[in-house]
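Residue numbers (my numbering), protein chains in the order written: chain E, 1171 to 1473; chain F, 1171 to 1473; chain Z, 3 to 261; chain W, 3 to 261.
Note that CB positions come from ideal geometry on N, CA and C, so glycine has one too.
Every value quoted in this text rests on a predicted model; they were computed, and no experiment measured them.
To keep things clear, I will list the structure first and then write my remarks on it.
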Amino acid sequence: MDKLRVNIGKLELKNPVMTASGTFGYAKEFSDFFDLSRIGGVFVKGTTIHERQGNPYSRMAETPSGMLNAVGLQNKGVDYFVSNIYPEIKDIDTNVIVNVSGSTVEDYVKCAEKLVDLDKIPAIELNISCPNVKEGGMAFGTCAKSAAEVTEAVRKVWNRNMIVKLSPNVTDITEIARSVEGAGADAVSLINTLLGMAVDINKRKPCLSTITGGLSGPCVKPVALRMVWQTYNAVKIPIIGMGGISCWEDAIEFMLVGASAIQIGTYNFIDPTIAAKVVDGIAAYLDKNNIASVKDLVGALEV
Amino acid sequence: MDKLRVNIGKLELKNPVMTASGTFGYAKEFSDFFDLSRIGGVFVKGTTIHERQGNPYSRMAETPSGMLNAVGLQNKGVDYFVSNIYPEIKDIDTNVIVNVSGSTVEDYVKCAEKLVDLDKIPAIELNISCPNVKEGGMAFGTCAKSAAEVTEAVRKVWNRNMIVKLSPNVTDITEIARSVEGAGADAVSLINTLLGMAVDINKRKPCLSTITGGLSGPCVKPVALRMVWQTYNAVKIPIIGMGGISCWEDAIEFMLVGASAIQIGTYNFIDPTIAAKVVDGIAAYLDKNNIASVKDLVGALEV
Amino acid sequence: MKTMLDLVVTESTQLNQNYSLIKLTTTDGSALPEMYPGQFVQVKVDDSPKTFLRRPISINFWDKEKNELWLLVQKVGEGTKKMCEARKGDILNLLLPLGNYFTLPSDKKSKLMLIGGGVGIAPILFWGAYLRERGYQPSFLIGARSKTDLLQLDKLSRYGEVYCTTEDGSYGEKGYVTNHSVLEKGGIDTIYTCGPKPMMVAIAKYADSEKITCEASLENLMACGFGVCLCCVENTREGNICVCEEGPVFNIEKLTWIS
Amino acid sequence: MKTMLDLVVTESTQLNQNYSLIKLTTTDGSALPEMYPGQFVQVKVDDSPKTFLRRPISINFWDKEKNELWLLVQKVGEGTKKMCEARKGDILNLLLPLGNYFTLPSDKKSKLMLIGGGVGIAPILFWGAYLRERGYQPSFLIGARSKTDLLQLDKLSRYGEVYCTTEDGSYGEKGYVTNHSVLEKGGIDTIYTCGPKPMMVAIAKYADSEKITCEASLENLMACGFGVCLCCVENTREGNICVCEEGPVFNIEKLTWIS
Ligand SMILES: Cc1cc2nc3c(=O)[nH]c(=O)nc-3n(C[C@H](O)[C@H](O)[C@H](O)COP(=O)(O)OP(=O)(O)OC[C@H]3O[C@@H](n4cnc5c(N)ncnc54)[C@H](O)[C@@H]3O)c2cc1C
Ligand SMILES: Cc1cc2nc3c(=O)[nH]c(=O)nc-3n(C[C@H](O)[C@H](O)[C@H](O)COP(=O)(O)OP(=O)(O)OC[C@H]3O[C@@H](n4cnc5c(N)ncnc54)[C@H](O)[C@@H]3O)c2cc1C
Ligand SMILES: Cc1cc2nc3c(=O)[nH]c(=O)nc-3n(C[C@H](O)[C@H](O)[C@H](O)COP(=O)(O)O)c2cc1C
Ligand SMILES: Cc1cc2nc3c(=O)[nH]c(=O)nc-3n(C[C@H](O)[C@H](O)[C@H](O)COP(=O)(O)O)c2cc1C
Ligand code: FES
Ligand code: FES
Chain E
1171 MDKLRVNIGK LELKNPVMTA SGTFGYAKEF SDFFDLSRIG GVFVKGTTIH ERQGNPYSRM
1231 AETPSGMLNA VGLQNKGVDY FVSNIYPEIK DIDTNVIVNV SGSTVEDYVK CAEKLVDLDK
1291 IPAIELNISC PNVKEGGMAF GTCAKSAAEV TEAVRKVWNR NMIVKLSPNV TDITEIARSV
1351 EGAGADAVSL INTLLGMAVD INKRKPCLST ITGGLSGPCV KPVALRMVWQ TYNAVKIPII
1411 GMGGISCWED AIEFMLVGAS AIQIGTYNFI DPTIAAKVVD GIAAYLDKNN IASVKDLVGA
1471 LEV
Chain F
1171 MDKLRVNIGK LELKNPVMTA SGTFGYAKEF SDFFDLSRIG GVFVKGTTIH ERQGNPYSRM
1231 AETPSGMLNA VGLQNKGVDY FVSNIYPEIK DIDTNVIVNV SGSTVEDYVK CAEKLVDLDK
1291 IPAIELNISC PNVKEGGMAF GTCAKSAAEV TEAVRKVWNR NMIVKLSPNV TDITEIARSV
1351 EGAGADAVSL INTLLGMAVD INKRKPCLST ITGGLSGPCV KPVALRMVWQ TYNAVKIPII
1411 GMGGISCWED AIEFMLVGAS AIQIGTYNFI DPTIAAKVVD GIAAYLDKNN IASVKDLVGA
1471 LEV
Chain Z
3 MKTMLDLVVT ESTQLNQNYS LIKLTTTDGS ALPEMYPGQF VQVKVDDSPK TFLRRPISIN
63 FWDKEKNELW LLVQKVGEGT KKMCEARKGD ILNLLLPLGN YFTLPSDKKS KLMLIGGGVG
123 IAPILFWGAY LRERGYQPSF LIGARSKTDL LQLDKLSRYG EVYCTTEDGS YGEKGYVTNH
183 SVLEKGGIDT IYTCGPKPMM VAIAKYADSE KITCEASLEN LMACGFGVCL CCVENTREGN
243 ICVCEEGPVF NIEKLTWIS
Chain W
3 MKTMLDLVVT ESTQLNQNYS LIKLTTTDGS ALPEMYPGQF VQVKVDDSPK TFLRRPISIN
63 FWDKEKNELW LLVQKVGEGT KKMCEARKGD ILNLLLPLGN YFTLPSDKKS KLMLIGGGVG
123 IAPILFWGAY LRERGYQPSF LIGARSKTDL LQLDKLSRYG EVYCTTEDGS YGEKGYVTNH
183 SVLEKGGIDT IYTCGPKPMM VAIAKYADSE KITCEASLEN LMACGFGVCL CCVENTREGN
243 ICVCEEGPVF NIEKLTWIS
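Next comes the structure, spelled out in structure tokens:
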């Protein structure tokens, strides 16, 4: 299926369909459901320099066509990832990309340094946009200057593909995108979750232990599409689009507005085989419309 | 029903349920469906100094649990409102509030001046947040300084209640809220629509003639609640909350996070009687929980 | 007066793969509100997670005796699919009646041609029946892709002559409605039309060139359906006006279709 | 191995106002996957606009002969309401089987008490049947608000002695399960419990004080149900761990319920 191949900078993808960090575990949890080699890549769980217990229960609330989460980057830390998880997933026949979070520039750099030796990790994604922990990087993601700082610092220790994941909780996402482009990012991915809230009116309490949390799922798709479109018109580096994708049609929408590849997040919970279905759907759309390569869709919106 | 009474500054409401600008026409369109005197107030269509044709068709796209609109403030201008519409609606037995938009500070001021003599208009709402027209005020709404400028200027010519309607398309809504509070607003209302986009993958074109448009409906509720909560913790003036309210439970959520009153927008299209139902639902909730006044709910979230 | 009503399905017939005819009545036996041909209803599709807004559907027929409202629905997406699956006894919530209606001609002898394309025949049936009941002599010109897409011909034929075209020639004359020989005969005073926009534009141009009065029923995308959101506007000679409230029926002179 | 399957409803019985028993089988006659007591499924509620996420439901019974999976569902909100309305022939999409399962005791003679409260009896039936089939002697202690909330007693009694409590005294002993006289007799080796958290915590405390081994099946809110979202965590002695993957069944020693 050559017509499905795309590149994100130096990164080669057999197709543009990937799965989003925090919604796909360490990928192997999905191998019961479909053959992971069918998709372009997987973004594993947000990884931090030290182990994190995350936020207290309850961490989830359902909302109209979406959900709020307040996981708070629970993970066993980068050393555990390197020694215990990496060996188990390195031979998955697709791109395994690590999502990295931190509370200081140094955290990100240290984390990246520990991952450099893992030659089956072709890229990292810098999460400068987690709304769920004070140290989740959202402060970086809402300020162009510090976003550039993190990017620049990690760039010095990481020479493979570096994707910077942007926060949608900003007035002007293009400002941040341009800033990280200037600081050496190979690509940007967007959007992370929108900051939201839900209330239990019987208990008169917030549904989440952290009061506010990150909104994801189909409800955010219109906002995500708009931000990808704005970013596409502002930067030259490739864009990985996400936010509410639940079917192949959604994926095509993202590509038309400028995404070179896409990630599926929340919908993995509803249909764990969705990523493979989206690959098939895109292939059929190309055939039906006589499009030679999926690359021809990128930014092909007629306006 | 004294227990339902609330005040927004000097404005007295028989209950906290109102309807949002642009979704309720000039109110009389709803009189077939329910008795308008049952609700606390109505916000009529966005009014500008001159007549506006609005944006070209198509102006609407359905999205998961919501819709995008790109109406673009179509209206016949403030003079027409004063001479033709006001006489028809002034005797509706509820608060009729005019939503005012403009592209310059002067526009807002002139518009307000024309409304000053209408003694059955107890309040105006300054829309500094319309995402659908270049001159819709969104530039004012995303910058604390110019938001304050508009507010201050209109304050000089309008001594009745002045509500400033905030845009959610910002990094920090509390900054804008504090700024208009400082400039003399009696209350803030939020949220206006989120900037979004949708694509027709068969035509490969944006669904809206304006490419991007304003997202509203239940999908935005989590974001709206979060912003009301943040604003409640940042300003002292009352807050009118809105964004995705579709049932009385939603209204209670907004009040618990800090809204003194609420507006219902998009859901009027789905159920034109929804506002009256929300009034009943709130009353029943108060009874069931032995709450003496709806005011006791405002900001009563236990955190 | 517009109202919101829960109506119960008394009959739901799949006419073919793509079309269903749904008959509705009140739940308590009370009379349905007064309705006029050209008006429409807004249907709430309750059990479909993908349909947030109501769906506008023309009034296909109002059977006063049986107190029934008919909807002719074409499956094009999630909402209409769910509607087509409605079973007897199901409840549908409707806003009705909405919009304006076709204009009754002053002269009962005038030659009237009602032209429908695809699901656009929905309001044509009601209008034909209404005209006939009042002593007019409507004729019908119905166009479709193929024979199986021609619907309700038997019903239409009770109220007047029926002419057909199909694109593949499987029934009636081959081609588009505007090519039908009945139009060449001339003598038509008024045309009423509903169908795909390209068809209606072609008809409008024909009517204009022949100086025939023509009303077209538009199907712009709608959110509210009763004139408050301003989403459904058509660009007319008087500026942008709401199709749901000042339409859906327009005299083509008001529109900007003919340059 | 976990799989996603469309299963067809073979029987759907409303047990009372709030509970339905739904029996499902494969659409093509193929065998259902191997399931163990304590495991659950994630149900997609298709026609409900208000349920975006799947709903976790325990495996109430696996009838191998009939190749049927039973779900006992309590109506508490939109999703469970829609499930309870499922009709014979409807298709439900499920992820299954999910989670771990109750631990089989080493000694067939050990005295086992299976305690269920409310809809918490769902996994208890399957576990009781499973134990009995393997030569164990389970007893059941079932608590409910009132007589009408006591479900499947006849089925349980096929596998062992059944004791009941109701809060209003309308059946069995009056009070909570932890007050039932059968517990005073002592001699219990292991307790397995599923029900409202306050009930399980009370039982855990009792078991702990009596040095009885105890496993509890938790019902934390879930998004994915198979260990990838980390939303369903319970704070345990080993930190936050996923109820859907490392549970739902936990030895109470692992939990932090007893201080
Ligand atoms: C005044 C009026 C009267 C109508 N009368 C009838 C009728 O009697 N019978 C009938 O079957 N349909 C009628 N329609 C069209 C009907 O409203 C749409 O087909 C329906 O809303 C589509 O909903 P959906 O969820 O099935 O499709 P969606 O999933 O919403 O859309 C599927 C496809 O249909 C297109 N579509 C959606 N809405 C419309 C629309 N309003 N007009 C044209 N294309 C649309 C979409 O762009 C998309 O390509 C009428 C429309 C109007 C405005
Ligand atoms: C492992 C597991 C097994 C379960 N087994 C069964 C079973 O066999 N039969 C059964 O009827 N139910 C079972 N439940 C509970 C069931 O999942 C919930 O009742 C259901 O998800 C509620 O969905 P809803 O749309 O009807 O209600 P919603 O509208 O989502 O919620 C209605 C109310 O129920 C509460 N609620 C929602 N989810 C849960 C939950 N997981 N636990 C407790 N309260 C909840 C909400 O907080 C709210 O107050 C199980 C839950 C888990 C986690
Ligand atoms: C439960 C959950 C956990 C998440 N964890 C992370 C994370 O660790 N790192 C990260 O960059 N994004 C995380 N995200 C955000 C997603 O990767 C994605 O950006 C977002 O959910 C939008 O896509 P979607 O609407 O398809 O889910 C998480 C999302 C969810 C729902
Ligand atoms: C069709 C449409 C038109 C609108 N026009 C206006 C307007 O003229 N002025 C304004 O301040 N807000 C306007 N809004 C925004 C609403 O008043 C409201 O802020 C927003 O829709 C969020 O509330 P909701 O989710 O309940 O609709 C409009 C919204 C819609 C859907
Ligand atoms: S659809 Fe809302 S004004 Fe016509
Ligand atoms: S529900 Fe997702 S990890 Fe348990």
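Segment contact flag, the region 1337 to 1344 of chain F with the region 1332 to 1343 of chain E, C-beta cutoff 8 Å, min 3 pairs: yes
In DSSP terms, what Q19 (chain Z) is bridged to: The residue you call residue 19 (chain Z) lines up with position 17 of the third sequence. DSSP output for Q19 (chain Z) lists no bridge partner at all.
Backbone CA spacing between A209 (chain W) and I193 (chain W) [nearest angstrom]: Counting from 1 along the fourth sequence, the entry for residue 209 (chain W) is found at position 207. Counting from 1 along the fourth sequence, the entry for residue 193 (chain W) is found at position 191. Straight-line Cα distance between these residues: approximately 7 Å.
Backbone CA spacing between P1226 (chain F) and Y1455 (chain F) [nearest angstrom]: As a first step, residue 1226 (chain F) is located in the second sequence; it is residue number 56 there, counting from the start. As a first step, residue 1455 (chain F) is located in the second sequence; it is residue number 285 there, counting from the start. Answer to the nearest angstrom: the Cα atoms are 44 Å apart.
Contact list for the region 85 to 99 of chain Z against chain F, Cβ threshold 9 Å: N95, L97
Neighbouring residues, chain Z, relative to E1232 (chain F) (Cβ below 7 Å): Here residue 1232 (chain F) is taken as the residue at index 62 of the second sequence, counted from 1. Result: F54, L55.
Residue range of the alpha helix (DSSP H) that includes S1359 (chain F): Locating residue 1359 (chain F) in the second sequence gives position 189, where the first residue counts as 1. No alpha helix (DSSP H) holds S1359 (chain F); the beta strand (DSSP E) holding it covers 1357 to 1360.
Residue from W:T258, W:F228, W:D65 whose Cα sits closest to the Cα of M202 (chain W): The residue you call residue 202 (chain W) lines up with position 200 of the fourth sequence. Comparing Cα positions, the closest option is W:T258.
Any chain Z beta carbon closer than 8 Å to D8 (chain W): On the fourth sequence, position 6 is the one that residue 8 (chain W) refers to. It does not: the Cβ of D8 (chain W) has no partner Cβ on chain Z nearer than 8 Å.
Identified DSSP bridge partners for V1448 (chain E): Taking the first sequence and counting its residues from 1, the one referred to as residue 1448 (chain E) is at position 278. Partner(s): none; V1448 (chain E) has no beta bridge.
Ranges of the alpha helix (DSSP H) found wholly within the region 121 to 169 of chain W, counting only runs of at least 4: 123 to 135, 155 to 159
Collapsed DSSP secondary structure at V1484 (chain F) in the structure displayed: In the structure as shown, chain F begins at 1171 and stops at 1473. Residue 1484 (chain F) is therefore absent and cannot be evaluated.
Length of the line joining the Cα atoms of V1448 (chain F) and D1441 (chain F): In the second sequence, counting from the first residue as 1, residue 1448 (chain F) sits at position 278. In the second sequence, counting from the first residue as 1, residue 1441 (chain F) sits at position 271. Each residue's alpha carbon lies about 11 Å from the other.
Within-8 Å CB hit, S14 (chain Z) to chain W: Position 12 of the third sequence, counted from the first residue, corresponds to residue 14 (chain Z). No, its Cβ sits nowhere closer than 8 Å to a Cβ of chain W.
Cutoff 8 Å; reference D49 (chain Z); Cβ partners in own chain excluding five residues on either side: For this step, residue 49 (chain Z) is matched to residue 47 along the third sequence. If we look at D49 (chain Z) and ignore the five residues flanking it on each side, its Cβ neighbours are K84.
Completely contained alpha helix (DSSP H) runs for the region 1292 to 1338 of chain F, where each covers 4 or more residues: 1308 to 1311, 1314 to 1327
Residues in the region 29 to 46 of chain Z having any Cβ partner in chain F nearer than 9 Å: Q44, K46
Contact set between I1440 (chain F) and chain Z, taken where Cβ atoms lie within less than 8 Å: Looking up residue 1440 (chain F) in the second sequence gives position 270. K46, F54, L55, R56, listed in chain order.
L1364 (chain F) beta carbon less than 8 Å from that of V1393 (chain F): Along the second sequence, read from residue 1 onward, the residue named residue 1393 (chain F) stands at position 223. Along the second sequence, read from residue 1 onward, the residue named residue 1364 (chain F) stands at position 194. In contact: V1393 (chain F) and L1364 (chain F) (Cβ atoms closer than 8 Å).
Beta-carbon proximity of L1385 (chain E) to R1229 (chain E), cut-off 8 Å: Taking the first residue of the first sequence as position 1, residue 1385 (chain E) is located at position 215. Taking the first residue of the first sequence as position 1, residue 1229 (chain E) is located at position 59. The answer is no: Cβ separation not under 8 Å.
S1430 (chain E) classed as buried or exposed, judged by whether at least 16 other C-beta atoms fall within 10 angstroms: Against the first sequence, residue 1430 (chain E) aligns to sequence position 260. Counting Cβ neighbours within 10 Å, S1430 (chain E) comes out buried, since at least 16 surround it.
Any non-hydrogen atom of ligand 5 within 7 Å of M224 (chain Z) CB: The sequence position of residue 224 (chain Z) within the third sequence is 222, counting from 1. M224 (chain Z): yes, Cβ under 7 Å from ligand 5.
Opening and closing residue of the alpha helix (DSSP H) in which F1213 (chain E) lies: The residue you call residue 1213 (chain E) lines up with position 43 of the first sequence. Per DSSP, F1213 (chain E) belongs to no alpha helix (DSSP H); it is in the beta strand (DSSP E), 1211 to 1217.
Unbroken stretches of the beta strand (DSSP E), 3 residues or longer, contained in the region 1347 to 1416 of chain F: 1357 to 1360, 1364 to 1367, 1382 to 1386, 1409 to 1411
Identity of the residues DSSP links to M1230 (chain E) by a beta bridge: The residue you call residue 1230 (chain E) lines up with position 60 of the first sequence. E:N1239, per the DSSP bridge assignment.
Proximity winner among Z:E212, Z:G137, Z:E175, relative to L143 (chain Z) (alpha-carbon distances): Here the question's residue 143 (chain Z) lines up with position 141 in the third sequence. When each option's Cα is compared against that of L143 (chain Z), the closest is Z:E175.
Cβ distance (whole Å) where T168 (chain W) is taken to contact A146 (chain W) below 8 Å: Sequence index remark: in the fourth sequence, residue 168 (chain W) carries index 166 (1-based). Sequence index remark: in the fourth sequence, residue 146 (chain W) carries index 144 (1-based). That pair is a contact at about 6 Å.
Reference V1405 (chain E); option with closest CA among E:L1467, E:G1352, E:D1172, E:I1461: As a first step, residue 1405 (chain E) must be located in the first sequence, where it is residue number 235. V1405 (chain E) has its Cα closest to that of E:G1352, out of E:L1467, E:G1352, E:D1172, E:I1461.
Neighbour list for S22 (chain W) in chain Z, Cβ cutoff strictly below 8 Å: Here residue 22 (chain W) refers to the residue found at position 20 of the fourth sequence. Simply none; closest approach about 18 Å.
Neighbourhood of V1324 (chain E) by C-beta distance below 7 Å, restricted to the same chain and skipping five residues each side: Here residue 1324 (chain E) is taken as the residue at index 154 of the first sequence, counted from 1. Excluding positions up to five away in sequence, the list reads Y1278, V1279, A1282, L1296, M1332.
Residue interval of the beta strand (DSSP E) (run including A218 (chain W)): The sequence position of residue 218 (chain W) within the fourth sequence is 216, counting from 1. A218 (chain W) -> beta strand (DSSP E) spans 215 to 219.
Interface partners of N242 (chain W) on chain E, CB under 7 Å: By 1-based counting over the fourth sequence, the position of residue 242 (chain W) is 240. By Cβ distance, chain E contributes Q1223, G1224, Q1244.
Own chain residues within Cβ distance below 6 Å of K77 (chain W), not counting five before or after: Sequence index remark: in the fourth sequence, residue 77 (chain W) carries index 75 (1-based). If we look at K77 (chain W) and ignore the five residues flanking it on each side, its Cβ neighbours are N20, K83, C86.
Inter-stretch contact at 8 Å, needing at least 3 Cβ pairs: the region 225 to 234 of chain Z / the region 1186 to 1197 of chain F: yes
Inter-residue CB distance, L55 (chain W) and M1237 (chain E) (contact presumed, cutoff 8 Å): As a working mapping, residue 55 (chain W) is identified with position 53 in the fourth sequence. As a working mapping, residue 1237 (chain E) is identified with position 67 in the first sequence. Indeed, because the Cβ distance is near 6 Å, the residues count as touching under 8 Å.
Inter-residue spacing [alpha-carbon to alpha-carbon] between G249 (chain Z) and L1395 (chain E): Here residue 249 (chain Z) refers to the residue found at position 247 when the third sequence is read from its first residue. Here residue 1395 (chain E) refers to the residue found at position 225 when the first sequence is read from its first residue. The alpha-carbon atoms of G249 (chain Z) and L1395 (chain E) are separated by roughly 33 Å.
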